[in-house]
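The listed protein sequences correspond, in order, to chains A and B.
Residues in the first sequence are numbered from 1 upward in steps of one, following the numbering used here.
Residues in the second sequence are numbered from 152 upward in steps of one, following the numbering used here.
Inspection log for the structure reproduced underneath, given as structure tokens.
There are 2 protein chains.
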Amino acid sequence: MTQHTALSETLHQWIDLFMRNSAKHWIQSSRRSGLSLAQVGALFRISKKCGGVSEIGEELGVTSAAASQLLDRLFQQGYILRQEDPRDRRAKQITLTEKGQQVLSDSVNSRQEWLDELANLMTPEEQEQVLAALKILIDRTRQLESGQQMQ
Amino acid sequence: MTQHTALSETLHQWIDLFMRNSAKHWIQSSRRSGLSLAQVGALFRISKKCGGVSEIGEELGVTSAAASQLLDRLFQQGYILRQEDPRDRRAKQITLTEKGQQVLSDSVNSRQEWLDELANLMTPEEQEQVLAALKILIDRTRQLESGQQMQ
DNA sequence: TTGCATAAGTAAGCCCGCTTAATTATTTAG
DNA sequence: CTAAATAATTAAGCGGGCTTACTTATGCAA
Numbered sequence: 001m002t003q004h005t006a007l008s009e010t011l012h013q014w015i016d017l018f019m020r021n022s023a024k025h026w027i028q029s030s031r032r033s034g035l036s037l038a039q040v041g042a043l044f045r046i047s048k049k050c051g052g053v054s055e056i057g058e059e060l061g062v063t064s065a066a067a068s069q070l071l072d073r074l075f076q077q078g079y080i081l082r083q084e085d086p087r088d089r090r091a092k093q094i095t096l097t098e099k100g101q102q103v104l105s106d107s108v109n110s111r112q113e114w115l116d117e118l119a120n121l122m123t124p125e126e127q128e129q130v131l132a133a134l135k136i137l138i139d140r141t142r143q144l145e146s147g148q149q150m151q
Numbered sequence: 152m153t154q155h156t157a158l159s160e161t162l163h164q165w166i167d168l169f170m171r172n173s174a175k176h177w178i179q180s181s182r183r184s185g186l187s188l189a190q191v192g193a194l195f196r197i198s199k200k201c202g203g204v205s206e207i208g209e210e211l212g213v214t215s216a217a218a219s220q221l222l223d224r225l226f227q228q229g230y231i232l233r234q235e236d237p238r239d240r241r242a243k244q245i246t247l248t249e250k251g252q253q254v255l256s257d258s259v260n261s262r263q264e265w266l267d268e269l270a271n272l273m274t275p276e277e278q279e280q281v282l283a284a285l286k287i288l289i290d291r292t293r294q295l296e297s298g299q300q301m302q
């Protein structure tokens with residue numbers, strides 16, 4: 001019980017710390033690209049899974065009208081493509097252009113640099129220990145996610 | 152070398168996974184409060200360290216004019232106080248009201264619930280293992296942060 | 001005292017992101 | 001074929017958040 005509390009509180013502490021750093025990279029990369037946080041967020045969403053306009057809006061928590069406008073601005077600036085779905089000509093398939101992918105690569109790379117520095121501060125033994133623990137965390141987080149989808 | 156790469160990539164993987172979940176809680180809490188992400192972000196910043204308007208703006212990466220306007224909206228809605236600094240009557244000290252603190256508590260609590268569930272999915276041995284690894288991560292991240300401040 | 005620097009706020013103007021309501025094109029059910 | 005449903009867009013309108021330029025009040029130093 002006390003162990004359980006200690007773990008979730010330490011997780012919390014780590015997340016607070018991590019958030020400050022990761023958010024910084026995220027925001028800086030967003031500024032560099034000249035896009036808003038919402039726009040970069042949409043690009044991330046699109047990179048994970050292609051889909052229609054309404055579907056993307058739903059996952060971003062906005063109406064399809066809002067999604068259409070958001071995506072239109074990204075299209076105007078050459079970050080995404082809108083192609084007619086051959087199986088339903090009402091729908092559009094949204095995909096990233098190379099320019100869109102580069103925005104994400106930049107964001108990912110700046111974070112990866114930070115993580116490399118972090119890893120460099122650890123001894124090989126510590127690295128191994130942290131690696132094993134992260135695998136547990138990743139595994140259990142996925143388990144939690146798939147459980148929630150069931151409901 | 153290969154271990155190093157494996158660790159930073161696994162860290163990356165964990166962060167991707169975590170971001171999806173944590174961002175969801177963050178956005179949902181933001182919606183519940185009726186505030187924008189920028190407003191909740193400012194409240195978080197204020198809770199960490201009190202300071203003047205310009206100082207807050209600087210940390211948020213915006214001009215002091217923008218900060219003044221952002222904070223004014225929060226003041227109008229009763230989330231913060233603006234008190235004259237007794238040592239420099241030009242400056243205002245920004246602090247959270249109880250209402251402002253509640254917004255943050257709500258955000259923190261919804262995240263804590265998720266972390267509790269995550270911890271519950273682990274055996275006591277795994278919990279101990281993860282706890283030890285997190286302590287290393289927290290320690291090294293702080294080390295990295297303080298090193299960057301030196302430059 | 002004069003004058004420059006600093007902290008905050010104000011005004012005008014822009015773009016973003018969101019909503020609701022209406023429109024267009026297409027699919028699907030009867 | 002006709003009518004309802006669906007996917008996307010468009011239009012109008014609101015507020016947020018940002019900028020620059022300016023104003024006001026205060027601090028500080030020659």
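Backbone N, C-alpha and C define an ideal beta-carbon position, used for all residues, glycine too.
Residue-chain proximity (residue i, chain A), Cβ-Cβ < 8 Å
i	result
residue 172(B)	yes
residue 159(B)	yes
residue 292(B)	yes
residue 212(B)	yes
residue 221(B)	no
residue 277(B)	yes
residue 266(B)	yes
residue 263(B)	yes
residue 295(B)	yes
residue 280(B)	yes
Separation of residue j from residue i, as counted between CA atoms
i	j	result
residue 247(B)	residue 194(B)	7 Å
residue 130(A)	residue 109(A)	21 Å
residue 19(A)	residue 297(B)	16 Å
residue 88(A)	residue 251(B)	48 Å
residue 132(A)	residue 75(A)	42 Å
Classification of residue i by the beta-carbon crowding that lies within 10 angstroms, buried from 16 upward
i	result
residue 292(B)	buried
residue 14(A)	buried
residue 243(B)	buried
residue 274(B)	exposed
residue 102(A)	exposed
residue 342(B)	The structure shown does not extend to residue 342(B), since chain B spans only 152 to 302, so no value can be given for it.
residue 294(B)	exposed
residue 10(A)	buried
residue 302(B)	Note that residue 302(B) has pLDDT 39, beneath the 50 cutoff, so the model's placement of it is unreliable and the number below is only indicative. Result: exposed.
residue 65(A)	exposed
residue 184(B)	buried
Cβ of residue i within 8 Å of any chain B Cβ
i	result
residue 118(A)	yes
residue 132(A)	yes
residue 135(A)	yes
residue 138(A)	yes
residue 11(A)	yes
residue 17(A)	yes
residue 77(A)	no
residue 27(A)	yes
residue 121(A)	yes
residue 35(A)	no
Margin query: Is it the case that the segment 108-122 of chain A contacts the segment 25-32 of chain A, given that we only count it when at least three CB pairs across the two stretches are under 8 Å?
Written below: yes
Notebook entry, point to check: Below 8 Å, can you find three or more Cβ-Cβ pairs linking the segment 227-244 of chain B to the segment 34-53 of chain A?
Noted result: no
Checklist line | Every unbroken beta strand (DSSP E) within the segment 215-250 of chain B, with a cutoff of 3 residues, ordered by chain | finding: 231-236 and 239-247
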